[in-house]
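Structure, as structure tokens:
Protein chains: 2
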Amino acid sequence: MHEQVFFDDLNVGDIFNSISKTITETEIIEFGWKYDPQPFHISKPDALTSNFGGLIASGFMTAAISFRLLYQSNGFQTTSLGSYGIDELRWLKPVKPDDTLSVSMEIKDLRRSKSRPQSGIATCYFKTINQTREVVMTMESAWILKCRI
Amino acid sequence: MHEQVFFDDLNVGDIFNSISKTITETEIIEFGWKYDPQPFHISKPDALTSNFGGLIASGFMTAAISFRLLYQSNGFQTTSLGSYGIDELRWLKPVKPDDTLSVSMEIKDLRRSKSRPQSGIATCYFKTINQTREVVMTMESAWILKCRI
Numbered sequence: 098m099h100e101q102v103f104f105d106d107l108n109v110g111d112i113f114n115s116i117s118k119t120i121t122e123t124e125i126i127e128f129g130w131k132y133d134p135q136p137f138h139i140s141k142p143d144a145l146t147s148n149f150g151g152l153i154a155s156g157f158m159t160a161a162i163s164f165r166l167l168y169q170s171n172g173f174q175t176t177s178l179g180s181y182g183i184d185e186l187r188w189l190k191p192v193k194p195d196d197t198l199s200v201s202m203e204i205k206d207l208r209r210s211k212s213r214p215q216s217g218i219a220t221c222y223f224k225t226i227n228q229t230r231e232v233v234m235t236m237e238s239a240w241i242l243k244c245r246i
Numbered sequence: 098m099h100e101q102v103f104f105d106d107l108n109v110g111d112i113f114n115s116i117s118k119t120i121t122e123t124e125i126i127e128f129g130w131k132y133d134p135q136p137f138h139i140s141k142p143d144a145l146t147s148n149f150g151g152l153i154a155s156g157f158m159t160a161a162i163s164f165r166l167l168y169q170s171n172g173f174q175t176t177s178l179g180s181y182g183i184d185e186l187r188w189l190k191p192v193k194p195d196d197t198l199s200v201s202m203e204i205k206d207l208r209r210s211k212s213r214p215q216s217g218i219a220t221c222y223f224k225t226i227n228q229t230r231e232v233v234m235t236m237e238s239a240w241i242l243k244c245r246i
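Order-wise, the sequence lines are chains A and B. Under our numbering, the first residue of the first sequence is numbered 98, with each subsequent residue one higher. Under our numbering, the first residue of the second sequence is numbered 98, with each subsequent residue one higher.
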């Protein structure tokens, strides 16, 4: 178990890092089939003749995996109260089978909630990189976290 | 098969609608366990004592299902070239087991691509509603589509 990270433990500029995960062809196709059945997510022949030249992961999958990697690699398990949204999500490079992703997250802004006592909103900038350190995705997200006090 | 919708068929202000889908408890927990294991997405007892008062769907799941509903309900299957990002995604209301979602999408802006011939970028505003017509999610997304000409 990681040490718990509460809202009041955070400072603007803090950076959190994640473990790595290799993306498999199987999960790309399974996720695509269930949630994002564009040809280049579910069909190897169709993907081959697409602009991408091969299978790529759904961007929704990359976003969710990026969040999970960061979440499970740090002490937010018992302090997260969810999120109300995302701004400026950018899929910069395709994520392909056998790519290995890891995530860093920087705290950009912090404000104590007025409406919800003992919670605060952290503006978080996620950056997801692959095994050659190319940035494949960035997103800014509003994370609601419990306060210690 | 729907009639194909190409970039040059679109006008600003056009609205597309989707079929409906009922969200099940099983898929909320399965998606959460795989991609977003926050307690209120994977554990009924933990969800009950959370601020949400019960299980809710991962916002990443709601976003992906919203896209799929709209995509498969209209003629974008062979004309979609993917997306480079999302702006202003807002999760406005929790999505709960047995909620039935449907989506409308409005074309907000259109610009022909300079870098990629025979394609254009449609700025699309997605609105996801539940069975009581509450808006549960909105997002603006940049959809790259093939041109006829």
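C-beta atoms are modelled at their ideal positions from N, C-alpha and C, and glycine is treated no differently.
Separation of residue j from residue i, as counted between CA atoms
i                      : j                      : result
residue 122 of chain A : residue 189 of chain A : 20 Å
residue 230 of chain B : residue 218 of chain B : 29 Å
residue 204 of chain B : residue 185 of chain B : 15 Å
residue 155 of chain B : residue 132 of chain B : 8 Å
residue 114 of chain A : residue 126 of chain B : 26 Å
residue 151 of chain B : residue 181 of chain A : 17 Å
residue 142 of chain A : residue 202 of chain A : 36 Å
residue 221 of chain A : residue 206 of chain A : 7 Å
residue 232 of chain A : residue 198 of chain A : 10 Å
residue 183 of chain B : residue 241 of chain B : 12 Å
residue 108 of chain B : residue 211 of chain B : 19 Å
residue 246 of chain A : residue 105 of chain A : 8 Å
residue 103 of chain B : residue 235 of chain B : 23 Å
residue 110 of chain B : residue 146 of chain B : 43 Å
residue 251 of chain B : residue 216 of chain A : Since the first and last residues shown for chain B are 98 and 246, residue 251 of chain B lies out of range.
residue 209 of chain A : residue 164 of chain B : 33 Å
residue 224 of chain A : residue 187 of chain B : 20 Å
residue 196 of chain A : residue 112 of chain A : 23 Å
residue 166 of chain B : residue 166 of chain A : 27 Å
residue 140 of chain A : residue 124 of chain A : 13 Å
Helix, strand or coil at residue i [DSSP, three-state]
i                      : result
residue 129 of chain A : helix
residue 150 of chain B : coil
residue 165 of chain A : helix
residue 242 of chain A : strand
residue 77 of chain B  : There is simply no residue 77 of chain B to check, as chain B begins at 98 and stops at 246 in what is shown.
residue 139 of chain B : helix
residue 184 of chain B : strand
residue 189 of chain A : coil
residue 157 of chain A : helix
residue 178 of chain B : strand
Of the listed residues the options, nearest to residue i (C-alpha basis)
i                      : options                       : result
residue 243 of chain A : A:110, A:178 and A:203        : A:178
residue 50 of chain B  : B:194, B:212 and B:170        : Chain B is shown from 98 up to 246; residue 50 of chain B falls before or after that span and cannot be answered.
residue 101 of chain B : B:206, B:175 and B:146        : B:175
residue 138 of chain B : B:105, B:192 and B:200        : B:192
residue 214 of chain A : B:183, B:214 and B:148        : B:148
residue 119 of chain B : B:233, B:246, B:238 and B:227 : B:227
residue 130 of chain B : B:163, B:157, B:207 and B:162 : B:157
residue 128 of chain A : A:224, A:240, A:236 and A:162 : A:162
residue 173 of chain A : B:146, B:144 and B:134        : B:134
residue 168 of chain A : A:106, A:234, A:200 and A:146 : A:200
residue 238 of chain B : B:160, B:146 and B:99         : B:160
residue 144 of chain B : B:194, B:187 and B:110        : B:194
residue 153 of chain A : A:136, A:225 and A:209        : A:136
Residue span of the beta strand (DSSP E) that contains residue i, given as start and end
i                      : result
residue 207 of chain A : 197 to 209
residue 116 of chain A : Looking at the DSSP string, residue 116 of chain A is not in any beta strand (DSSP E), and its letter there is neither H nor E.
residue 223 of chain A : 216 to 226
Listed by chain order, chain D residues near residue i by CB distance under 9 Å
i                      : result
residue 133 of chain A : Checking the listed chains, one finds no chain D in this structure; the protein chains it contains are A and B.
beta-carbon residue i near the ligand FMN non-hydrogen atom, thresh 7 Å
i                      : result
residue 180 of chain A : The ligand content of the structure shown is nil, which means the ligand FMN is not present either.
- Item | Cβ-based contacts, 7 Å cut-off: residues of the stretch 221 to 244 of chain B near chain A | none
Listed from N- to C-terminal order along the chain, which residues in the stretch 163 to 191 of chain A have their beta-carbon within a distance smaller than 9 Å of any beta-carbon of chain B?
-> 164, 165, 168, 169, 173, 174, 175, 177, 178, 179, 180, 181, 182, 183, 184, 185, 186, 187, 188, 189 and 191
Fill in: Proximal residues, the stretch 140 to 158 of chain A versus chain B, C-beta separation under 9 Å
147, 148, 149, 153, 155, 156, 157 and 158
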